[in-house]
Amino acid sequence: MSTSGALSRIRMQIMWNRLISVVEEQAQALLRTAFSSMVRECGDLSAGVFDLEGRMLAQAVTGTPGHVNSMAESVVHFITHFPIETMREGDIYITNDPWQGTGHLNDFVLTTPAFHKGRLVGLFSCTSHLIDIGGIGFGPDATDVHMEGIYIPFLKLAEEGKMNQSLMAMIKANTRQPVETEGDVYSLAACNDVGCLRLSEMMDEFALDDLDELSAHIIDSSRDAVMARIAELPEGTYHNSVRADGYDHEVDVIAAMTISAEGIHVDYEGTAPISKYGINVPLSYTKAYTCYGLACTVAAGIPNNAGSLAPFTISAPVGSILNAVYPAPVSSRHIVGHMLPDTIFGCLKQAIPDGIPAEGSATLWILSYRGRHQGANEPDAGYTTSAVTAGGTGARPNKDGLSATGFPSGVKGTPVEIIESTAPVVVWRKELHTDSAGAGRYRGGLGQIIEVESRDGSTFELLAAFERIKNPACGRDGGLHGAAGYLGLASGPTLRGKGFQEIPEGERLIVRTPGGGGMGAPAERDPGAVQADVLDGLVSTEAADGVYGVVMTADGAIDAAATEARRGGG
Amino acid sequence: MAIENGIKRLAVDIGGTFTDVVVEFDGRRVTSKVLTTREAPEEGVLTGFREVLGEAGLSAGDIGILIHGTTLATNAMIERKGALTALITTEGFRDILEIGQEDRYDQYDIFLEKKLPLVPRHLRLCVPERVDIEGAVLLPLDEDAVRALVPELQRRGVESIAIGFLHSYANAAHEERTRDILAEALPGVSISISSEVCPEVREYERLSTTTANAYVQPLMARYLTRLAKELAALGLDAPIFLMTSGGGLAALDATVRFPIRLVESGPAGGAILASRVARECGFERVLSFDMGGTTAKICLIDDYEPQASRTFEVDRAARFLKGSGLPLRIPVIEMVEIGAGGGSIASVDSTKRIAVGPESAGAEPGPACYARGGGAPTVTDADVTLGRIDPERFAGGTMHLDTGLAGTAIKEAVGTPLELSEPMAAFGITEIVDENMANAARVHAIERGKQIGEYTLIAFGGAAPLHACRLADKLGIGRVVVPTDAGVGSAVGFLCAPVAYDVVRSRYMTLLGFEVETANTMLDAMRDEALSVVRAGAPEAPLAEERTAFMRYVGQGHEIEVELPERPLVADDSALLKERFDRAYESLYARTIPDADVEILSWAIRVSTGVATPNPVPGVTEVEDPAADGHNTVFDPEDESFDDVPTYGRAHLAPGTRVRGPAVITEDETSTFVSAGFDAHVLGNGYIELERRDASAGEKSQ
């Protein structure tokens with residue numbers, strides 16, 4: 001092996017690429033073996049490799065930015081509970097602590113020490129969203145964290161290769177889905193095993209005894225790259241606020257972003273206090289979504305690791321909804337958490353006027369419901385399931401938003417045929433919602449209309465946790481806001497956006513996911529684009545005329561004279 | 001294949017840039033490469049056809065069989081030049097194609113674009129009907145609503161219709177009735193129904209596949225009819241077979257209903273070629289490595305059978321990202337394709353890492369060294385700078401490569417930003433592209449529970465023989481084979497493919513509730529369907545049949561393939577299947593799940609003719625120390641110097657010749673770079689075998 005500087009620099013890059021490939025493989029193993037439909041259909045999982053100081057070196061790019069920083073911080077807590085010198089080959093550590101894990105009890109975090117030639121060289125960690133962990137179910141109705149399900153402190157799931165059967169029995173006894181939950185725990189364990197194995201093979205191949213030099217290289221280069229991007233931005237402090245619907249009252253999220261030579265700091269001073277219900281956000285999750293908003297704009301293309309995350313610092317007052325403390329309920333922390341990228345985009349827009357999208361539907365619309373198969377008396381005749389759906393994203397500075405697409409979360413939607421296979425329900429409708437996009441020179445993405453009914457006529461319970469019903473996604477630069485979300489029954493009554501509600505026998509649930517905000521004034525939109533949207537039924541003739549000022553003739557052509565008069569006059 | 005030896009066989013592969021024609025007869029092979037004629041592909045075929053016949057001294061009537069593969073269907077989708085197609089679906093589900101998976105294929109790109117569906121929203125029409133998950137009718141088909149669509153379909157001039165209703169894999173009656181009504185009202189319009197094209201659960205993938213089938217059907221039917229007619233006019237009276245994406249041949253008439261199965265036939269041909277090379281040489285584990293101008297394709301072949309898969313994506317976004325294309329659920333040869341080819345462009349990213357591809361300079365303007373105005377450094381520029389390609393003998397000496405331009409491009413884009421010398425930067429580029437390919441191959445193998453170090457690499461395509469040694473180093477592979485006619489590998493592969501057909505259907509059952517009668521009835525029907533296609537092409541040949549089930553633990557989301565016994569199932573087979581499933585699961589994921597029930601989602605049958613016994617590799621007399629044709633100066637990154645390395649023309653190397661690396665072996669369409677750790681040996685059939693001299697000499701961690 002050469003000691004030439006040039007050659008060793010090239011070699012360092014090769015090893016970095018390899019490490020990223022190892023964690024991608026770790027994540028794929030989890031994706032393919034998971035039982036939880038949130039993981040297997042939607043990709044709600046995270047996986048990464050860490051050095052012995054708990055610094056993240058590489059992370060798989062999966063559907064959930066919510067795990068970016070939270071899992072990274074979690075590994076440091078694991079090291080505190082299980083000091084490095086006590087770790088043994090074959091150990092697996094577990095927790096679902098919302099504050100020291102990834103924000104709610106549904107996420108099980110497993111950390112496995114990785115050994116090479118008998119020596120501890122790194123740690124693999126992974127997390128995924130389990131469908132049922134007991135308690136009152138996945139929704140915001142609990143008033144403290146203990147109502148939300150089983151709470152696993154930092155424990156050994158396996159000790160030197162021997163599974164902790166008492167803990168497994170405890171977990172299985174505290175879920176409505178013992179088989180799937182046990183399967184998912186095994187799946188998480190297997191995914192870290194794959195990582196450990198590949199890391200050891202890689203170290204053999206490159207004749208490495210430890211990861212110290214590689215770790216320093218990854219972290220330093222990534223931090224330098226992010227700092228260089230930040231240096232291109234105008235320094236200053238930028239303010240923005242976003243109003244969320246909240247559970248029982250609206251919630252203001254207030255942000256002050258300071259761009260300086262040290263990096264970017266986001267402070268949420270002034271944000272609303274903690275809620276009585278489970279829409280509170282632990283600080284780790286606040287950091288995760290704030291970092292994500294910065295990563296996809298300021299640091300796009302730079303891999304996630306301790307170095308690229310270091311220039312971003314986040315603070316929120318203790319006791320605010322963005323820094324909820326034990327024993328606050330936090331099950332649906334994604335509701336407010338998913339609003340954070342839109343919140344900081346409002347700050348960034350002032351620093352990068354041409355590079356930031358309008359607001360989008362933000363929070364995923366996760367249809368969580370449960371019920372019992374009709375006429376069934378067996379104790380296991382109940383079902384509980386979650387189906388992921390999305391609204392529209394905000395218009396971009398140079399193009400329309402994306403319809404029925406999640407942002408910031410990138411997890412996949414659940415196929416209708418899979419929804420119906422996991423529970424006795426029928427989805428009667430799931431299609432784009434005409435005129436739901438915020439109008440603009442570039443319009444937002446469209447939301448959806450979804451109708452669900454019980455298949456056997458029995459009642460079912462909806463665990464609602466939806467946003468942007470009172471506060472739709474705002475447009476920017478003169479673009480209009482997207483359509484608000486809606487929740488109701490076919491017979492007329494409106495349902496609340498948050499909380500447990502029963503869908504009566506024979507009733508159909510109507511859900512409309514929110515549209516994304518527009519960018520620029522609607523009157524500036526290319527009439528041809530408006531015409532195409534009218535032809536496709538995405539925009540109604542009335543909206544084309546009334547909102548965009550584009551007048552259509554009966555056969556779908558643009559009435560140029562009338563359009564000019566309308567736009568010129570309006 | 002089923003075709004008897006002695007018959008004169010001709011294969012045609014239409015690729016994006018070139019149309020390759022190969023004729024094989026009396027142990028000889030004549031090849032031709034002509035430019036693809038995009039607007040009327042049959043013209044290029046006819047040119048190549050006449051060219052090879054002329055050179056071989058044959059007439060069209062001498063040909064016993066013609067085998068054809070084409071990217072026409074793929075191109076029609078990528079360029080959106082297929083038929084004006086309508087999609088008819090369950091009321092309330094107009095946007096299945098547009099809603100897709102509701103995700104973003106790149107988590108960190110807020111400017112990403114999603115591919116538009118093949119059918120715009122105003123041609124996506126709905127009718128009231130609904131069946132449930134078990135196939136029970138919840139809402140009868142509104143036949144009047146179907147009839148009411150006819151005027152709109154006529155007014156729009158729709159040429160092809162896709163019909164896809166929810167849960168139609170469980171009950172096809174509504175789709176079939178809708179098809180019958182429309183077929184009667186709209187004679188001459190093609191109709192594809194999802195319960196036939198892709199009877200599998202998950203509506204987006206099923207409708208995407210069905211729509212794609214409808215979209216390419218009229219075009220493919222017209223093209224194939226024209227081609228057959230013009231070939232007949234030249235005097236061809238042999239049967240025409242088409243290469244399918246699954247690696248089997250199907251008679252022309254049999255492909256008309258499901259033309260979507262013809263996409264990706266070129267790469268399938270490459271994998272078939274690698275299988276034949278494996279069989280000839282007796283290598284039970286090979287890795288097919290096909291590296292061209294834009295992409296590299298990697299495929300695992302165990303026991304001479306390429307790995308099969310049921311999912312494929314066409315028209316991926318620029319970076320070949322998973323999830324960015326249109327999903328197709330069809331039987332395909334499982335391979336990974338990454339944006340790594342001779343034309344892949346190198347740059348430096350913001351963390352000062354060298355990035356290579358997936359953007360490609362293509363053939364125009366091409367690499368900087370082509371001197372056609374391309375200013376971006378490519379992998380080919382790096383190979384030239386490192387001395388692995390002889391600039392005077394590129395493409396058989398028809399094209400001079402400008403090493404100065406290559407060096408300048410590399411220096412500007414990579415050398416200067418990273419403070420590396422030109423050759424060192426070039427070395428960095430090849431290292432990264434080789435690493436990208438090695439990572440893809442390694443992950444692909446690992447996902448299937450394979451130990452890649454045990455494999456032999458079969459390298460073909462213009463750029464593969466240049467990179468094969470280094471790729472082998474990185475994968476711990478000790479042997480590489482470069483077959484003859486590697487530049488027209490896919491067409492040569494077509495000549496070795498069996499007549500075969502796959503049928504897949506979804507039918508849910510758990511092993512605890514194993515319904516043996518249902519399974520047997522369905523498998524028999526599937527077998528009849530496959531047989532009818534295969535017998536159309538091979539009326540007499542003995543046939544082999546493989547039956548598989550796609551199984552998972554109850555509650556999981558992804559299935560694994562488990563082989564079924566080659567006989568009718570009996571009730572006790574549930575235990576056998578559980579055992580086979582557990583074994584397959586454990587080999588993939590190291591653990592099994594205690595006490596979990598197992599479910600079957602889909603079933604597959606493949607009926608095929610056998611593969612002809614290949615010719616044994618003739619013995620050779622060893623020839624040591626052949627005379628070199630000349631020398632290249634090749635860069636050695638260890639001491640950062642250029643050393644003289646001998647070059648040999650492949651045509652001059654007699655069977656049995658042994659060449660010690662480092663060396664460069666040149667031929668018209670490619671060069672084989674024999675690195676210092678390898679010896680090259682010309683086999684009796686002309687293949688070049690590269691063997692690592694000593695496993696420990698491989699500089700794995702260079």
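These protein sequence lines are chains F and G, in that order.
Residue 437 in the working numbering sits at position 437 of the first sequence, and the numbers go up by one each step.
Residue 624 in the working numbering sits at position 624 of the second sequence, and the numbers go up by one each step.
Glycine included, each C-beta is placed from N, C-alpha and C at the ideal position.
Here the structure is a predicted model, which means the values were calculated and not measured.
Identify every residue that forms a DSSP beta bridge with residue i.
| i | result |
| --- | --- |
| N240(F) | A255(F) |
| P306(G) | I301(G) |
| C126(G) | T89(G) |
| I449(F) | E431(F), R512(F) |
| K156(F) | Y93(F) |
| E24(G) | R9(G), R29(G) |
| P273(F) | S320(F) |
| P655(G) | DSSP output for P655(G) lists no bridge partner at all. |
| Q101(G) | DSSP, once it has assigned bridges, lists no residue as partnering Q101(G). |
For residue i, which residues in the same chain have their Cβ closer than 6 Å to its Cβ, ignoring the five residues on either side in sequence?
| i | result |
| --- | --- |
| Q13(F) | none |
| V516(G) | L569, A571 |
| I366(F) | S386, V388 |
| A423(F) | Y383, T385 |
| I78(G) | D315 |
| I432(G) | I354, V356 |
| P637(G) | F427 |
| I88(G) | L125, I163 |
| I3(G) | At I3(G) the pLDDT is 44, less than 50, meaning the model places this residue with poor confidence; the figure from the coordinates comes in the next sentence. Hits under 6 Å: I65. |
Given a cut-off of 7 Å, decide if residue j and residue i are closer than it, judged by their beta-carbon atoms.
| i | j | result |
| --- | --- | --- |
| N213(G) | S192(G) | yes |
| R333(F) | G135(F) | no |
| G444(F) | G392(F) | yes |
| A409(G) | A382(G) | no |
| V682(G) | T657(G) | yes |
| G43(F) | V411(F) | yes |
| S194(G) | T178(G) | no |
| A238(G) | I452(G) | no |
| Y285(F) | G236(F) | no |
| P415(F) | R202(G) | yes |
| C198(G) | R329(G) | yes |
Please list, in chain order, all residues of the same chain as residue i whose beta carbon is under 7 Å from its beta carbon, the five residues on each side excluded.
| i | result |
| --- | --- |
| A561(F) | none |
| F500(F) | G139, D141, E461, L463 |
For residue i, return the contacting residues in chain G, with the cut-off set at a CB-CB distance below 8 Å.
| i | result |
| --- | --- |
| W16(F) | R353 |
| Q28(F) | V443, E447 |
Going along the chain, which residues of its own chain have a beta-carbon closer than 8 Å to the beta-carbon of residue i, five neighbours each way excluded?
| i | result |
| --- | --- |
| L84(G) | L123, R156, G157, V158, E159, S160 |
Starting from the beta carbon of residue i, find every residue of chain F whose beta carbon is closer than 9 Å, and list them in chain order.
| i | result |
| --- | --- |
| P120(G) | A532, L535, D536 |
| D643(G) | Those do not exist, as D643(G) stays about 15 Å from chain F at its closest Cβ, beyond 9 Å. |
| V414(G) | By Cβ distance, chain F contributes nothing, its closest Cβ being about 11 Å from V414(G), past 9 Å. |
Listing by chain order, which chain G residues have their CB less than 7 Å from the CB of residue i?
| i | result |
| --- | --- |
| S386(F) | Chain G residues near S386(F): none, gap ~13 Å exceeds 7 Å. |
| R32(F) | H558 |
Can you name the residues of chain G whose CB is closer than 9 Å to the CB of residue i?
| i | result |
| --- | --- |
| I302(F) | Y108, D349, S350, T351 |
Applying a beta-carbon distance threshold of less than 7 Å, which residues of chain F neighbour residue i?
| i | result |
| --- | --- |
| M424(G) | A6 |
| R479(G) | Near R479(G) there are no residues of chain F at all, since even the closest Cβ is about 19 Å away, more than 7 Å. |
Since residue i meets chain F, which of its residues come closer than 8 Å, beta carbon to beta carbon?
| i | result |
| --- | --- |
| N520(G) | Under the 8 Å cutoff, chain F gives no residues; its nearest Cβ is about 24 Å from N520(G). |
| I99(G) | S403, A404, G413, K430, E431, L432, Q448 |
Report task. Could you pull out every unbroken alpha helix (DSSP H) segment of at least 4 residues lying fully inside the region 533 to 583 of chain G, listed in chain order? Result -> none
Query - In chain order, each alpha helix (DSSP H) run of at least 4 residues that lies wholly inside the region 386 to 466 of chain G - result: 403 to 410, 422 to 447
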